[in-house]
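Residue numbers (the UniProt record's numbering): 1 to 648. Data first, discussion second: the structure below is written as structure tokens.
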């Protein structure tokens, strides 16, 4: 009896296809972000993808999620990427791995660790020796975990992407790509299929491809021009419905034509088919035509192409132990932070529910290959827990001992987050007025030097907010020696744009009537650790000023009626801030700016039979009667007008 052929996954240039174990093979895949899904929900999301006809999933690995500090690695709990990969294998799914080191994914700094910026002159995503040394250290930890799970070694990982959309980055450093190719080959072996992904623009394919890495493209069902420059046009496009099919067909032909110019033979591959799009704070909620998405998929499959698409909504991160939200930001002429929720108008909703779009995609797939036998798993149950009253615990300035237990850092001028080795969250900058200011004086910062929002207090009275690419001037009065505090918020480092060296904090000095202020005390705040350890619910009550303006903490509790179901929390009358439930940071809310109005709360975070602790950090101003409203459905699409934003 002949022995079975060795396991293999290869390119067939003669027949323009992949070959799996020697037979022609085509994958239809969906992207999934284990770092954005609570571990108890991993199986549910993967099953729904599998039952949709997706036999393959693309898995992103964010470097900064696993190496929060240099040489400190975390692969436990929700970060257990090996457990996630083993679950995909158990469910019969193949895997396309996207380990970076840069992944984009609208994730903080595209997955690169913020501590890279401790070396202020580092050139990210280049052959800068300091950057390559950090990359090599990381890959020597990650890739040995991956190698046994490669298809050739009995696992289910059929291919591995190197970097991501590198052609859109300004560096265009081929030595960097060659270094990555050498590292991946040395650590994974010579047989694994390595590839790159870039937009269908000629200049991107010029700088993003390299001999030895199979070149693929990514595009959505709309026009290709500018898709990956975040200047992308809104969907559905402003054309009559009867033009949709022609538009989708033209787009597919154009994009694969671009791939053929760099890969004349081999399989056609769309490595990231956009079924929706992300939301920015202050923008409109993205919405993509189901008909257009389905027709674009059908056109690609008709050509025999391989497709990976955005299927599972990119959920808010829920981490063990609790941590900070990870949304990043885009930069195109201005800084554009991404909302906490990555609803993405995806085929699987933020709560993991199948949508009309998912069933349309499933129908298209069924015309080209058999679907798994069995029903689609049902939506997760939701519950509207109703209204929960909160009370003010304390103003942030009155509890610095709990939030910044170490002594403040003294500096003649402000220091960045990176200079004091703080990655996320908030830092408080404090100085004093050098003289009496009896008539209103101008407190100002240089343009783009507040990264990203600064909440200004004088003698503990809230004065207003300074903002990157926004307001840079306030008018103040006071006496010599009055305390001037500026609470700086990191809204997410740039994950896509010209330059990823996105330093946070006060990048320039504040001036009072053009005279620079000096003698600063800088307080790194570790709010997450304090809340994770039970504060403020286990702390003694604090007396608080009656005012509602400025940064302050609010607390409350609620009990579930014997169930712990998924829910969505709304913030009636609140301004901007962050929410924690049972110590878990659920992310930012900003109903005044929109479009996101609710935060998703997975039932796995809730307690049955004991109180659920709520902590809110409101940054600008709470409502007269503070409460939260728990709903059984999300609200995404409310954005105030620009004129309203200008006067808020």
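Don't be surprised by glycine CBs; every beta carbon is placed ideally from N, CA and C.
As assigned by DSSP and simplified to three states, the class of residue 282: Walking along the chain shown from the start, residue 282 turns up at place 282. Assignment of residue 282 by DSSP, reduced to helix, strand and coil, places it in the coil class.
Nearest-angstrom Cβ-Cβ length linking residue 513 and residue 441, presumed shorter than 8 Å: Residue numbering aside, residue 513 sits at position 513 when the chain shown is read from its first letter. Residue numbering aside, residue 441 sits at position 441 when the chain shown is read from its first letter. Right, the Cβ-Cβ distance comes to about 5 Å (below 8 Å), so this counts as a contact.
Same chain, Cβ closer than 7 Å to residue 117, five either side skipped, listed in chain order: Reading the chain shown from its first residue, position 117 is the one you call residue 117. Excluding residues within five positions, the ones whose Cβ falls inside 7 Å are 418, 501 and 503.
Span of the beta strand (DSSP E), counted from its first residue to its last, around residue 627: As a working note, residue 627 is residue 627 in the chain shown. Note, residue 627: beta strand (DSSP E), 627-631.
Pick from 295, 602, 598 and 610 that is closest to residue 285, judged by C-alpha positions: As a first step, residue 285 is located in the chain shown; it is residue number 285 there, counting from the start. Nearest of 295, 602, 598 and 610 to residue 285, Cα basis: 598.
Own chain, CB closer than 8 Å to residue 16, minus 5 neighbours either side, in chain order: Taking the chain shown and counting its residues from 1, the one referred to as residue 16 is at position 16. 265, 266, 267, 268 and 304.
Same chain only: Cβ atoms within 7 Å of residue 91, ignoring 5 sequence neighbours per side: Working through the chain shown from its first residue, we reach residue 91 at position 91. Excluding sequence neighbours, residue 91 sits near 46, 47 and 50.
Top-ranked residue by Cα proximity to residue 301, from 433, 367 and 255: The residue given as residue 301 occupies position 301 in the chain shown. Looking at the Cα atoms, 367 is the closest of the given residues.
Cβ-based burial, residue 6 [other Cβ within 10 Å; buried from 16]: Looking up residue 6 in the chain shown gives position 6. With a threshold of 16 other beta carbon atoms within 10 Å, residue 6 falls short and is exposed.
Chain B within 8 Å of residue 76, Cβ atoms only: Absent from the structure is chain B; it holds one protein chain and no more.
Length of the line joining the Cα atoms of residue 130 and residue 476: Here the question's residue 130 lines up with position 130 in the chain shown. Here the question's residue 476 lines up with position 476 in the chain shown. Spanning the two alpha carbons is a distance of roughly 44 Å.
Rounded straight-line distance, which links the Cα of residue 9 to that of residue 329: As a working mapping, residue 329 is identified with position 329 in the chain shown. As a working mapping, residue 9 is identified with position 9 in the chain shown. If you take the alpha carbons of residue 329 and residue 9, they lie about 36 Å apart.
Option in 629, 585 and 496 with minimal Cα separation from residue 102: The count along the chain shown starts at 1 and reaches residue 102 at position 102. For residue 102, the closest C-alpha among the options 629, 585 and 496 is that of 496.
Separation of residue 628 from residue 347, as counted between CA atoms: Start at 1 with the first residue of the chain shown, and residue 347 comes out as number 347. Start at 1 with the first residue of the chain shown, and residue 628 comes out as number 628. Using only the alpha carbons, I get a separation of about 29 Å.
Alpha-carbon spacing of residue 537 relative to residue 616, whole angstroms: Taking the chain shown and counting its residues from 1, the one referred to as residue 537 is at position 537. Taking the chain shown and counting its residues from 1, the one referred to as residue 616 is at position 616. The straight-line gap separating the alpha-carbon atoms of residue 537 and residue 616 is approximately 12 Å.
4-residue-minimum alpha helix (DSSP H) runs that sit fully inside the stretch 32-120, ordered along the chain: With a minimum length of 4 residues, the continuous alpha helix (DSSP H) runs that stay inside the stretch 32-120 are 42-51, 63-66 and 81-90.
Proximity winner among 292, 212 and 282, relative to residue 251 (alpha-carbon distances): The residue you call residue 251 lines up with position 251 of the chain shown. From the listed residues 292, 212 and 282, the smallest Cα separation to residue 251 is found for 292.
Where residue 350 falls: helix, strand or coil (DSSP): Numbered from 1 along the chain shown, position 350 holds the residue referred to as residue 350. In the structure shown, residue 350 sits in coil (DSSP, three-state: anything other than H, G, I, E or B).
Coil, strand or helix - residue 169 by DSSP: To locate residue 169, count along the chain shown from 1; it is residue 169. Taken through DSSP and simplified to helix, strand or coil, residue 169 comes out as coil.
Cβ-Cβ separation, residue 62 to residue 35 (assumed contact under 8 Å), whole Å: Your numbering for residue 35 matches position 35 in the chain shown. Your numbering for residue 62 matches position 62 in the chain shown. That belief holds up - the Cβ atoms of residue 35 and residue 62 are roughly 5 Å apart, short of 8 Å.
The stretch 375-395 contacting the stretch 441-453, beta-carbon criterion three pairs below 8 Å: With contact defined as three or more Cβ pairs closer than 8 Å, the stretch 375-395 and the stretch 441-453 are not in contact.
Close beta carbons around residue 511, own chain, < 7 Å, minus the five adjacent residues each side: Along the chain shown, read from residue 1 onward, the residue named residue 511 stands at position 511. Taken in chain order, the residues that qualify are 444 and 517.
Presumed contact (8 Å Cβ cut-off) between residue 218 and residue 277, rounded CB distance: The sequence position of residue 218 within the chain shown is 218, counting from 1. The sequence position of residue 277 within the chain shown is 277, counting from 1. About 13 Å separates the beta carbon of residue 218 from that of residue 277, a gap too long to meet the 8 Å contact definition.
When 274, 580, 257 and 189 are compared against residue 160, the one with the closest alpha-carbon: In the chain shown, residue 160 corresponds to position 160, counting from 1. For the options 274, 580, 257 and 189, the alpha carbon positioned closest to that of residue 160 is the one of 189.
Three-way DSSP call (helix, strand, coil) for residue 636 in this model: Along the chain shown, read from residue 1 onward, the residue named residue 636 stands at position 636. Here residue 636 carries a coil assignment [DSSP, helix/strand/coil].
Sequence-distant residues of its chain with Cβ nearer than 7 Å to residue 394 (five each side left out): Numbered from its first residue, the chain shown carries residue 394 at position 394. For residue 394, where only same-chain residues beyond five positions count, the Cβ hits under 7 Å are 542, 544, 552 and 553.
Whole alpha helix (DSSP H) elements within the stretch 320-404, 4-residue minimum: DSSP runs (the alpha helix (DSSP H)) wholly in the stretch 320-404: 356-366 and 400-403.
Distance, residue 194 Cα to residue 213 Cα: For this step, residue 213 is matched to residue 213 along the chain shown. For this step, residue 194 is matched to residue 194 along the chain shown. Spanning the two alpha carbons is a distance of roughly 5 Å.
For residue 431, the nearest candidate out of 343, 467, 523 and 622 (CA to CA): Reading the chain shown from its first residue, position 431 is the one you call residue 431. Measuring from the Cα of residue 431, the nearest candidate turns out to be 523.
Of the listed residues 279, 20, 434 and 425, nearest to residue 454 (C-alpha basis): Start at 1 with the first residue of the chain shown, and residue 454 comes out as number 454. Looking at 279, 20, 434 and 425, the one whose alpha-carbon comes closest to that of residue 454 is 425.
At least 3 beta-carbon pairs within less than 8 Å: the stretch 329-342 vs the stretch 52-60: The stretch 329-342 makes no contact with the stretch 52-60: fewer than 3 CB pairs, one atom from each, lie closer than 8 Å.
Heavy atom of the ligand SAH within 7 Å of residue 602 beta-carbon: This structure simply doesn't include the ligand SAH, nor any ligand for that matter.
Distance between residue 526 and residue 258 (C-alpha atoms, nearest Å): By 1-based counting over the chain shown, the position of residue 258 is 258. By 1-based counting over the chain shown, the position of residue 526 is 526. Cα to Cα, residue 258 sits roughly 48 Å from residue 526.
Stretch-stretch touch, CB-based, cutoff 8 Å, three pairs: the stretch 191-210 with the stretch 132-142: The stretch 191-210 makes no contact with the stretch 132-142; the number of CB pairs closer than 8 Å stays below 3.
C-beta contact flag for residue 575 and residue 619 at 8 Å: Residue mapping note: residue 575 aligns to position 575 of the chain shown, counting from 1. Residue mapping note: residue 619 aligns to position 619 of the chain shown, counting from 1. Contact flag set, yes.
Check whether residue 272 and residue 339 have beta carbons under 8 Å apart: Along the chain shown, one-based indexing puts residue 272 at 272. Along the chain shown, one-based indexing puts residue 339 at 339. Contact: no.
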